[in-house]
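Residue numbers (the numbering used here): 259 to 621.
Where is the CB? At the ideal position from N, CA and C, for every residue including glycine.
A short write-up of the structure that comes next.
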């Protein structure tokens with residue numbers, strides 16, 4: 259690659275993104291590219307087809323990304339520099355590849371964030387400071403899409419969450435910190451007000467006999483209060499769905515892990531059965547692979563991966579590597595015969611498993 263051309267391409271790309279942002283207009287609607295622009299684009303896409311293949315990106319998605327960039331240039335009246343068109347495309351495609359890997363989403367879902375973000379979300383996730391968000395990839399994507407300084411937004415969110423979780427008033431959320439995170443992200447001006455409203459709603463529902471089944475899973479009521487305008491209707495549907503599914507022969511295997519059925523009913527209300535079938539297939543497939551035999555006595559880790567992660571195998575590899583690293587660390591040698599606790603730390607306290615282990619009492 260020509261370094262000088264790449265620097266020019268980076269400058270042009272940054273200027274286009276800034277101009278698009280300052281316009282205040284959405285990058286939507288049909289493309290109206292001239293035949294000359296389309297021909298020039300196709301020539302350069304052909305010239306970097308090997309790179310697209312190496313990065314395992316679909317050709318149609320790579321084309322869509324470059325087409326949309328050309329369209330933004332046309333709308334903002336920024337003349338594309340033909341001599342660096344190839345380098346601009348290469349930068350866009352590298353960013354799309356990194357976003358795809360780090361955000362664990364399909365490339366087609368990340369065209370917009372790759373196109374418009376001044377700081378690629380995938381780059382942010384590679385920085386140690388923001389490892390805390392690796393279990394909440396959508397928030398990093400949102401920050402990169404919507405904020406001119408995504409890092410500052412993420413720092414503020416993290417600080418707010420940590421502050422709230424230390425406050426006695428919000429102890430109800432200690433077991434469901436993601437709800438505090440939701441409030442900090444979606445109500446940044448006054449997250450506490452939203453959380454107080456949720457607490458009040460939950461207290462009201464817990465007094466109702468028909469919702470006593472959720473008393474051991476208060477997070478479901480909190481979820482309903484946080485995300486639905488008619489929480490009572492949502493809870494009634496969840497209750498009915500879980501009961502029905504657990505009676506069905508196809509899902510008899512979930513009777514001992516009914517939390518997965520509850521998760522499906524809450525998070526996939528449109529088609530919980532489809533989600534459960536996918537989980538079942540994924541768990542069975544992983545259990546057959548030699549690479550993951552180390553989890554055979556801790557099947558719950560595989561179930562967690564299949565339920566909560568879009569790329570469960572990638573998650574399991576990370577768990578395996580982290581567990582091995584911890585068990586080799588002299589500081590944690592007292593846990594060598596307590597694999598269950600180490601797994602719990604890595605799976606449930608992924609942002610800092612070592613800190614969790616340090617807090618455990620010495621036997």
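Own chain partners of residue 480 with C-beta closer than 7 Å, once the 5 adjacent residues on each side are dropped: Position 222 of the chain shown, counted from the first residue, corresponds to residue 480. Around residue 480: 434, 437, 456, 460.
Sequence-distant residues of the same chain with beta carbon closer than 6 Å to residue 580, five excluded per side: The residue labelled residue 580 in the question sits at position 322 within the chain shown. For residue 580, where only same-chain residues beyond five positions count, the Cβ hits under 6 Å are 604.
C-alpha distance - residue 412 paired with residue 390, whole-angstrom precision: Counting from 1 along the chain shown, the entry for residue 412 is found at position 154. Counting from 1 along the chain shown, the entry for residue 390 is found at position 132. The alpha-carbon atoms of residue 412 and residue 390 are separated by roughly 10 Å.
CB contact flag (residue 206, residue 285, <8 Å): The structure shown does not extend to residue 206, since the chain is modelled only from 259 to 621, so the question has no answer here.
Complete runs of the beta strand (DSSP E) confined to the stretch 308–352 [at least 3 residues]: none
8 Å Cβ cutoff, residue 387 in contact with chain C: The structure shown contains no chain C; it is built from a single protein chain.
Nearest to residue 316 (by Cα), restricted to the options 351, 517, 451: One-based indexing of the chain shown puts residue 316 at position 58. Of 351, 517, 451, the residue nearest in Cα terms is 351.
Proximal residues to residue 493 (C-beta, below 8 Å), its chain only, five neighbours per side dropped: Here residue 493 corresponds to residue number 235 of the chain shown, with the count starting at 1. The answer, listed in chain order, is 463, 469, 472, 478, 479, 482.
C-beta atoms of residue 442 and residue 418 nearer than 8 Å: As a working mapping, residue 442 is identified with position 184 in the chain shown. As a working mapping, residue 418 is identified with position 160 in the chain shown. Going by C-beta atoms, residue 442 is nearer than 8 Å to residue 418.
Rounded Cβ spacing between residue 565 and residue 537 (contact assumed at less than 8 Å): Position 307 of the chain shown holds residue 565. Position 279 of the chain shown holds residue 537. 6 Å between Cβ atoms; contact.
Residue range of the alpha helix (DSSP H) that includes residue 377: The residue given as residue 377 occupies position 119 in the chain shown. No alpha helix (DSSP H) holds residue 377; DSSP gives it neither H nor E.
Close Cβ partners of residue 397 (< 8 Å) along its chain, the five nearest in sequence each way excluded: For this step, residue 397 is matched to residue 139 along the chain shown. Excluding sequence neighbours, residue 397 sits near 391, 412, 415, 439, 443.
Touch test, the stretch 581–594 against the stretch 554–563, Cβ-Cβ under 8 Å, three pairs minimum: Taking a cut-off of 8 Å on C-beta distances, the stretch 581–594 does not touch the stretch 554–563, as fewer than three cross pairs fall below it.
Simplified DSSP state of residue 563, which is helix, strand or coil: Within the chain shown, numbered from 1, the residue matching residue 563 stands at position 305. Three-state result, residue 563: helix.
Under the three-state DSSP convention, the category residue 444 falls into: Here residue 444 refers to the residue found at position 186 of the chain shown. In the structure shown, residue 444 sits in a helix (DSSP, three-state: H, G or I).
Enclosing alpha helix (DSSP H) for residue 300 [first to last residue]: Within the chain shown, residue 300 is the residue found at index 42, counting from 1. Taken as a continuous stretch (DSSP letters only), the alpha helix (DSSP H) holding residue 300 covers 293–305.
Spatial distance of residue 426 from residue 445 (CA atoms): In the chain shown, counting from the first residue as 1, residue 426 sits at position 168. In the chain shown, counting from the first residue as 1, residue 445 sits at position 187. Each residue's alpha carbon lies about 20 Å from the other.
Stretch-stretch touch, CB-based, cutoff 8 Å, three pairs: the stretch 262–272 with the stretch 328–348: yes
Whether residue 372 touches residue 341 by CB criterion (8 Å): Here residue 372 corresponds to residue number 114 of the chain shown, with the count starting at 1. Here residue 341 corresponds to residue number 83 of the chain shown, with the count starting at 1. Contact: no.
Outcome for residue 262 when other beta-carbon atoms lying within 10 angstroms are tallied against a minimum of 16: As a working mapping, residue 262 is identified with position 4 in the chain shown. With fewer than 16 other Cβ atoms within 10 Å, it is exposed.
Residue from 552, 335, 339, 314 with nearest C-alpha to residue 302: Taking the chain shown and counting its residues from 1, the one referred to as residue 302 is at position 44. Measuring from the Cα of residue 302, the nearest candidate turns out to be 339.
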